[in-house]
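The structure under discussion appears below in the form of structure tokens.
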Amino acid sequence: MKPALACAIVPVFCFALGGTLAHAQSAEASPAGFDCAKANTRIEKIVCGNPTLAMLDRETTRVLTLTREDASVSQPNILKDQDNWLKQRNECLSSTDRERCLADSYVGRISALRADSPTARAAKAGISLGPFNAECDNGNASLTVVFVNSKPSYAYVAGRKDAIVLKQALSGSGARYEAQYPKGQARLWNKGNAAQIALPGGRDMSCTMTPAGK
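Shown next, in the form of structure tokens:
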């Protein structure tokens, strides 16, 4: 199954498909958000050698650049957050599941930057979309969701206390994402603005997704 593009994931809030396809193809054909010919650290070589991580790195660089150009964002805070994130990302080198750790780290950073910057959210290019507010079980639960349409695609789901990253899985209809956590499986299925979301070890909740405030 091909990774869902933004219009397939949340068609109600779709941006121009032509621009999305053009950037996705460019990201796939190009290396990471830095010059892979000059990669000299272990983490840089790992990212450049993995097409998915290279796409995620490229998207992180794109969204970070837009955020750095956003006058409404505290630039000292962004620089501090970026330094902290780089340290956290590099700790994945010692992870027993290095690829998942790195992918989760990139998806989390993309989601944080999109949440911080109206300029990043408004840009009509790239492979990320959101955040969306997900009101679940008639307003009894509120979550935030960001989609990253790399290959494979990912969904970032954040609640009041915790955040999880889900990886795209096969689905007969709509888009489905799954991940296993110590407390149990987590999953998200959505079609249009309707979604079913289960946090780790929890039950499926019926949710309605709407764009977060700009």
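Sequence positions in the sequence shown follow mature numbering (1 follows the signal peptide of the UniProt record, and there is no 0) and run -24 to -1, 1 to 190. Every residue, glycine too, gets a C-beta built ideally from N, C-alpha and C.
Residue i (DSSP reduced to helix, strand or coil)
i: residue 154; result: strand
i: residue 176; result: coil
i: residue 109; result: strand
i: residue 125; result: coil
i: residue 83; result: helix
i: residue 72; result: coil
i: residue 103; result: coil
i: residue 8; result: coil
i: residue 163; result: strand
i: residue -2; result: Because residue -2 sits at a pLDDT of 35, beneath the cut-off of 50, its placement in the model cannot be relied upon, and the following sentence gives the value as read from the coordinates. Helix at residue -2.
Rounded distance between the beta-carbons of residue j and residue i, thought under 8 Å
i: residue 108; j: residue 185; result: 4 Å
i: residue 129; j: residue 31; result: No, residue 129 and residue 31 are not in contact; Cβ-Cβ is about 10 Å, not under 8 Å.
i: residue 167; j: residue 149; result: 6 Å
i: residue 133; j: residue 119; result: 6 Å
Boundaries of the alpha helix (DSSP H) in which residue i is found, first to last residue
i: residue 23; result: 18 to 24
i: residue 187; result: Run containing residue 187: none in the alpha helix (DSSP H); it sits in the beta strand (DSSP E), 181 to 187.
i: residue 63; result: 51 to 66
Residues of its chain near residue i, where Cβ-Cβ distance is below 6 Å and the 5 sequence neighbours each way are ignored
i: residue 19; result: 66
i: residue 183; result: 110, 112, 171 and 173
Where the beta strand (DSSP E) containing residue i begins and where it ends
i: residue 95; result: From DSSP, residue 95 is part of no beta strand (DSSP E) but of the alpha helix (DSSP H) over 94 to 98.
Close-in-space but distant-in-sequence residues of the same chain around residue i (CB under 7 Å, 5 per side omitted)
i: residue 12; result: 24
i: residue 89; result: 39, 40, 43 and 96
i: residue 157; result: 140 and 176
Counted within 10 angstroms of its Cβ, other Cβ atoms place residue i as buried (16 or more) or exposed
i: residue 163; result: buried
i: residue 1; result: Note that residue 1 scores 37 on pLDDT, short of 50, meaning its location in the model is unreliable; the coordinates nonetheless yield the value given after this. It is exposed - the Cβ of residue 1 has fewer than 16 other Cβ atoms within 10 Å.
i: residue 7; result: buried
i: residue 78; result: buried
Cβ neighbours of residue i in the same chain (closer than 8 Å, five flanking residues each side left out)
i: residue 81; result: 61, 64, 65 and 68
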